[in-house]
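Worksheet: the structure to be examined is printed underneath.
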Amino acid sequence: MLRAAGAPDTSTAAQTLARSGVPVFPCFPGGKQPLTTRGFHDATADPAQVVGWWRRWPDANLAVPTGAVSGIDVVDVDVHPGGNGFPAFEQARSAGFVAGWAWLVRTPSFGIHAYFLRASATEQRSWQVPGKHVDFRGDGGYIVVPPSTVNQADGIRHSYELIAVAKHQPHPVDAAGLRAFLDPPRPTRPPAFVHTAGARPDRLAAWVASRPEGARNHGLFWAACRMAEDGHNLDVTSDLLGDAARSTGLTRREVQTTIQSAYRRVTRVSPTPAGGPTRAVEAVRR
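My numbering numbers the first residue of the sequence shown as 2 and each following residue consecutively.
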């Protein structure tokens, strides 16, 4: 991926990525709309197909599907007249959620794409937090990559440009945790028996277990925050509140993400990287 970013044109970059095993597809020149019928679903690392596409559309922009298929996830920081995602991104960086980027690309709107290496095939779907002007591009998404260019409102075509390569050890992004940090569950009405700190954990667990659909996640988040504030260990809270929350129908992953997000909000504990690089990650590193 890094070698492709310095290519003289998108055709050369596309072939460089394809030879490394990274799937690519063409987009309209100066734009982000796929030229292929099925968009990122048509992405391929077949060199013959890639050469054929760029022979047909020599000025096409270059795009890569995100997620497990390519080995990269991207946090997209938007800059536009309606808002700026950099303040939210900086808050997330300070809290440890986006500190493990592998490289940064400046986008034509002068935002950034922060690239992260995917550690496993565990699904992380794409999402948006419009109010914070930060998007996540994972499974089910794609990004336009250097050296593509896009026509901007000022009438000038600006390029995607590699601006930084990590000197630190990159680690994967916890997309669910980042989303919960940027867009935390709305406060729920506290249980009537809690007026001050120090609520009994068993009563908090019983209250979590009584939450109806639509209030389950919010209730779990609120109760986990109380447990964290009262000094209870994360493992203790996960065991006690986790069992209660799962009894309401939440999945193990939903429970784990919500409780960890609550502890990060209260204690600012950074996410712990896990797992080794996938084969796709080894390809994009080249």
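Every residue, glycine too, gets a C-beta built ideally from N, C-alpha and C.
Please list, in chain order, all residues of the same chain as residue i whose beta carbon is under 6 Å from its beta carbon, the five residues on each side excluded.
{"i": "residue 100", "result": "94"}
{"i": "residue 206", "result": "241, 242 and 245"}
{"i": "residue 152", "result": "31 and 158"}
{"i": "residue 163", "result": "6, 106 and 147"}
{"i": "residue 75", "result": "67, 114, 116, 138 and 144"}
Whole angstroms is fine: what's the gap from residue i's alpha carbon to residue j's?
{"i": "residue 197", "j": "residue 183", "result": "Unreliable placement is indicated for residue 197, whose pLDDT of 47 sits below 50; the coordinate value is still reported in the next sentence. Each residue's Cα considered, the two are about 27 Å apart."}
{"i": "residue 81", "j": "residue 110", "result": "7 Å"}
{"i": "residue 20", "j": "residue 175", "result": "29 Å"}
{"i": "residue 213", "j": "residue 31", "result": "49 Å"}
{"i": "residue 127", "j": "residue 137", "result": "5 Å"}
{"i": "residue 227", "j": "residue 202", "result": "9 Å"}
{"i": "residue 102", "j": "residue 139", "result": "14 Å"}
{"i": "residue 107", "j": "residue 211", "result": "47 Å"}
{"i": "residue 12", "j": "residue 33", "result": "16 Å"}
{"i": "residue 204", "j": "residue 171", "result": "41 Å"}
{"i": "residue 90", "j": "residue 178", "result": "13 Å"}
{"i": "residue 289", "j": "residue 161", "result": "Since the first and last residues shown for the chain are 2 and 287, residue 289 lies out of range."}
{"i": "residue 142", "j": "residue 67", "result": "5 Å"}
{"i": "residue 129", "j": "residue 115", "result": "15 Å"}
{"i": "residue 231", "j": "residue 266", "result": "14 Å"}
{"i": "residue 181", "j": "residue 173", "result": "16 Å"}
{"i": "residue 83", "j": "residue 77", "result": "15 Å"}
{"i": "residue 154", "j": "residue 88", "result": "23 Å"}
{"i": "residue 45", "j": "residue 253", "result": "34 Å"}
{"i": "residue 96", "j": "residue 166", "result": "21 Å"}
Just to confirm the assignment, what range does the alpha helix (DSSP H) spanning residue i have?
{"i": "residue 1", "result": "Given that the chain is displayed from residue 2 to residue 287, the structure contains no residue 1 and the question cannot be resolved."}
{"i": "residue 48", "result": "48-57"}
{"i": "residue 204", "result": "202-210"}
{"i": "residue 13", "result": "11-20"}
{"i": "residue 87", "result": "87-95"}
{"i": "residue 180", "result": "176-183"}
{"i": "residue 229", "result": "217-230"}
What is the DSSP secondary structure of residue i, counted as helix, strand or coil?
{"i": "residue 128", "result": "strand"}
{"i": "residue 102", "result": "coil"}
{"i": "residue 236", "result": "helix"}
{"i": "residue 37", "result": "coil"}
{"i": "residue 7", "result": "coil"}
{"i": "residue 258", "result": "helix"}
{"i": "residue 196", "result": "Note that residue 196 scores 46 on pLDDT, short of 50, meaning its location in the model is unreliable; the coordinates nonetheless yield the value given after this. The answer is coil: DSSP assigns residue 196 none of H, G, I, E or B."}
{"i": "residue 23", "result": "coil"}
{"i": "residue 276", "result": "Because residue 276 sits at a pLDDT of 44, beneath the cut-off of 50, its placement in the model cannot be relied upon, and the following sentence gives the value as read from the coordinates. Of the three classes helix, strand and coil, the one that applies to residue 276 here is coil, per DSSP."}
{"i": "residue 243", "result": "helix"}
{"i": "residue 42", "result": "helix"}
What residues in its chain sit with their C-beta under 7 Å from that of residue i, if we drop five residues either side in the sequence?
{"i": "residue 17", "result": "4, 5 and 8"}
{"i": "residue 246", "result": "209, 217, 221 and 256"}
{"i": "residue 263", "result": "222, 225, 226 and 229"}
Please return the same chain residues whose Cβ sits closer than 8 Å to the Cβ of residue i, not counting the five positions on each side in sequence.
{"i": "residue 14", "result": "5, 6, 8, 63, 146, 147 and 148"}
{"i": "residue 79", "result": "85, 86, 110, 112, 134, 135 and 136"}
Relative to the C-alpha of residue i, which residue among the options is closest?
{"i": "residue 132", "options": "47, 206, 86 and 240", "result": "86"}
{"i": "residue 51", "options": "90, 102, 154 and 26", "result": "26"}
{"i": "residue 219", "options": "260, 78, 41 and 103", "result": "260"}
{"i": "residue 98", "options": "249, 40, 233 and 135", "result": "135"}
{"i": "residue 65", "options": "150, 28 and 54", "result": "28"}
{"i": "residue 70", "options": "122, 115 and 105", "result": "122"}
{"i": "residue 49", "options": "24, 248, 252 and 178", "result": "24"}
{"i": "residue 61", "options": "37, 164 and 173", "result": "37"}
{"i": "residue 58", "options": "46, 10 and 233", "result": "10"}
Quick one: does residue i have its CB under 8 Å from some CB of chain D?
{"i": "residue 217", "result": "The chain inventory of the structure shown lacks chain D, comprising one protein chain alone."}
Taking residue i as part of the beta strand (DSSP E), name the residues at either end of that continuous run.
{"i": "residue 29", "result": "That residue, residue 29, is in no beta strand (DSSP E); it is neither H nor E in DSSP."}
{"i": "residue 66", "result": "62-66"}
{"i": "residue 154", "result": "Residue 154 -> no beta strand (DSSP E), and no H or E assigned at all."}
{"i": "residue 138", "result": "135-138"}
{"i": "residue 214", "result": "Counting along the chain, residue 214 falls outside any beta strand (DSSP E), and DSSP gives it neither H nor E."}
{"i": "residue 77", "result": "73-78"}
{"i": "residue 166", "result": "162-166"}
{"i": "residue 114", "result": "113-118"}
{"i": "residue 146", "result": "Unbroken run through residue 146: none, as it is neither H nor E."}
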